[in-house]
Amino acid sequence: MVDKTDFVSALAAQADNLRVTADVVAKALASAELQPWREGETVAVIAMGASSHSGEALTAALAQLGVRAVNITASDLELAADGFQPGDHYLVVSESGQSPEPIRAAAGFTPGRRIGITNDPGAPLSSVVDVILPLGGWPDSRVYTSGFTGTLLAYAALIRRQCATAEVTDPATIPDLVASTLGDYGDYAEQAATLLEKVQAVDFVARGVSLAAATEGALVVREGARLHAAAYDTYQYIHGPMEPLTADSGLVVFGDARELPMVDMVLDRGTKVVLLTRADAADIPRPHHENLLVVPVPDAVAGIARAVLETVFVQMLTLRMTARSGIDINEFLFEQPDTKLNERTTQ
5 MVDKTDFVSA LAAQADNLRV TADVVAKALA SAELQPWREG ETVAVIAMGA
55 SSHSGEALTA ALAQLGVRAV NITASDLELA ADGFQPGDHY LVVSESGQSP
105 EPIRAAAGFT PGRRIGITND PGAPLSSVVD VILPLGGWPD SRVYTSGFTG
155 TLLAYAALIR RQCATAEVTD PATIPDLVAS TLGDYGDYAE QAATLLEKVQ
205 AVDFVARGVS LAAATEGALV VREGARLHAA AYDTYQYIHG PMEPLTADSG
255 LVVFGDAREL PMVDMVLDRG TKVVLLTRAD AADIPRPHHE NLLVVPVPDA
305 VAGIARAVLE TVFVQMLTLR MTARSGIDIN EFLFEQPDTK LNERTTQ
């Protein structure tokens, strides 16, 4: 079992942790015998919780390459017919390697086509997959930090291997990106925490690969800041879910296109908005509005790398939100007895 550490330490260690991840994933892929992902086949991500949110990045990245992929909540498969195979290839993701739902699901998948991603290769997950991509075994916080971004790094490496493409983020660049985000975005995170200090709920909105950061962002704020939060695809959001926004609402948006007019229409309602964007100030209708904080994303940061930057920013923001509210981000109020298996494999 991998040790836990406090959130502040985990956040500070994240870049170094991901350097370990980049190395061990590269070595694992170099020696792994993987079935090719052929045209017309489906790659299925099977996971729960934060790992499920990470799958949004993989499926979006593969769609851009023309590869069919689906992101499936593992517990949904317990309702499926016996022998149901939702994919041709499987990525079974559990940072702890102990999440029971993906482990039970993987036991019924086609042998030879199951890749596991975990921070603990000795955990039960390894007994129901054919290949393990280890994240490195470093301590992580209860509200995941490196576990999420490390999984995104593993996806980038795996896509480059399986799709024989350099169009996807180079995983070797991700640790330095994390280090620069931690070093350069502290003031923005502090300003965002100030802007959102009195809101009663926060919605996260994005699309494509960035939807992974949005869904994970909502989870991190719920777990860490104990604040009501939800996540939506941009176009789903404008189809009705944005209607409850008031001066007591917060909105964290990742995007450069349809997101910009959407943001502008809520500012005069008093909604507090944090916008992470590559858009020029000239393309933002009112970039200096008192209810808007614009956080610039470098043009060169795209795809999975962008989702990493956005995720790390939300981690920094959540830490500052909890400091202001007096909440201990390392403590959960509700302990669940059945979300982890407490056993070891013999492998």
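Numbering (my numbering), first residue to last: 5 to 351.
Note that the Cβ used here is the ideal one computed from N, Cα and C, for glycine as well.
Between which two residues does the beta strand (DSSP E) containing residue i stretch?
| i | result |
| --- | --- |
| residue 237 | 232-237 |
| residue 276 | 276-281 |
| residue 210 | 205-210 |
| residue 300 | 296-300 |
| residue 341 | Looking at the DSSP string, residue 341 is not in any beta strand (DSSP E), and its letter there is neither H nor E. |
| residue 253 | 253-258 |
| residue 122 | 118-122 |
| residue 73 | 72-77 |
| residue 15 | Careful: residue 15 lies outside any beta strand (DSSP E), inside the alpha helix (DSSP H) at 11-16. |
| residue 143 | Here residue 143 belongs to no beta strand (DSSP E), and DSSP marks it neither H nor E. |
| residue 95 | 93-97 |
Given this structure, state the Cα-to-Cα distance separating residue i from residue j, to the nearest angstrom.
| i | j | result |
| --- | --- | --- |
| residue 78 | residue 154 | 20 Å |
| residue 283 | residue 185 | 18 Å |
| residue 349 | residue 132 | Because the pLDDT of residue 349 is 42, which lies under 50, any placement of that residue in the model is unreliable, and the number read from its coordinates should be weighed accordingly. If you take the alpha carbons of residue 349 and residue 132, they lie about 10 Å apart. |
| residue 351 | residue 87 | Caution applies to residue 351, whose pLDDT of 32 falls short of 50 and renders its modelled position unreliable; the value that the coordinates give is listed next. Computed Cα separation, rounded: 26 Å. |
| residue 304 | residue 51 | 30 Å |
| residue 238 | residue 210 | 5 Å |
| residue 190 | residue 264 | 24 Å |
| residue 398 | residue 159 | Since the first residue shown for the chain is 5 and the last is 351, residue 398 is missing from the structure and cannot be characterised. |
| residue 343 | residue 285 | 45 Å |
| residue 67 | residue 6 | 33 Å |
| residue 321 | residue 336 | 19 Å |
| residue 311 | residue 166 | 21 Å |
| residue 292 | residue 208 | 21 Å |
| residue 313 | residue 250 | 28 Å |
| residue 232 | residue 178 | 30 Å |
| residue 36 | residue 136 | 9 Å |
| residue 221 | residue 236 | 11 Å |
| residue 116 | residue 176 | 28 Å |
| residue 229 | residue 111 | 36 Å |
| residue 227 | residue 333 | 8 Å |
| residue 244 | residue 253 | 15 Å |
| residue 212 | residue 258 | 10 Å |
Starting from the Cα of residue i, find the closest Cα among the options and give me that residue.
| i | options | result |
| --- | --- | --- |
| residue 318 | 206, 42 and 250 | 206 |
| residue 272 | 344, 311, 259 and 290 | 290 |
| residue 75 | 69, 58, 266 and 89 | 58 |
| residue 270 | 111, 23 and 247 | 247 |
| residue 85 | 97, 92 and 109 | 109 |
| residue 15 | 298, 73 and 224 | 224 |
| residue 192 | 81, 297 and 22 | 297 |
| residue 323 | 103, 261, 194 and 204 | 194 |
| residue 242 | 258, 23, 262 and 234 | 262 |
What are the boundary residues of the alpha helix (DSSP H) that includes residue i?
| i | result |
| --- | --- |
| residue 129 | Residue 129 -> no alpha helix (DSSP H), and no H or E assigned at all. |
| residue 192 | 190-199 |
| residue 57 | 53-68 |
| residue 310 | 307-329 |
| residue 270 | 263-271 |
Would you grab the beta carbon distance between residue i and residue j for me? Rounded to a whole angstrom, and I think it's under 8 Å.
| i | j | result |
| --- | --- | --- |
| residue 114 | residue 89 | 6 Å |
| residue 105 | residue 55 | That belief does not hold up - the Cβ atoms of residue 105 and residue 55 are roughly 10 Å apart, past 8 Å. |
| residue 157 | residue 29 | 7 Å |
| residue 119 | residue 345 | At roughly 20 Å, the Cβ-Cβ gap does not stay under 8 Å, so residue 119 and residue 345 are not in contact. |
Next item on the list: Report yes or no: do three or more beta-carbon pairs, one from the stretch 259-279 and one from the stretch 131-150, lie closer than 8 Å?
Entry: no
Notebook entry, point to check: Looking at C-beta atoms only, is the number of pairs between the stretch 209-218 and the stretch 45-63 that lie closer than 8 Å three or more?
Noted result: yes
Notebook entry, point to check: Does the stretch 42-51 touch the stretch 216-236, meaning 3 or more C-beta pairs lie closer than 8 Å?
Noted result: no
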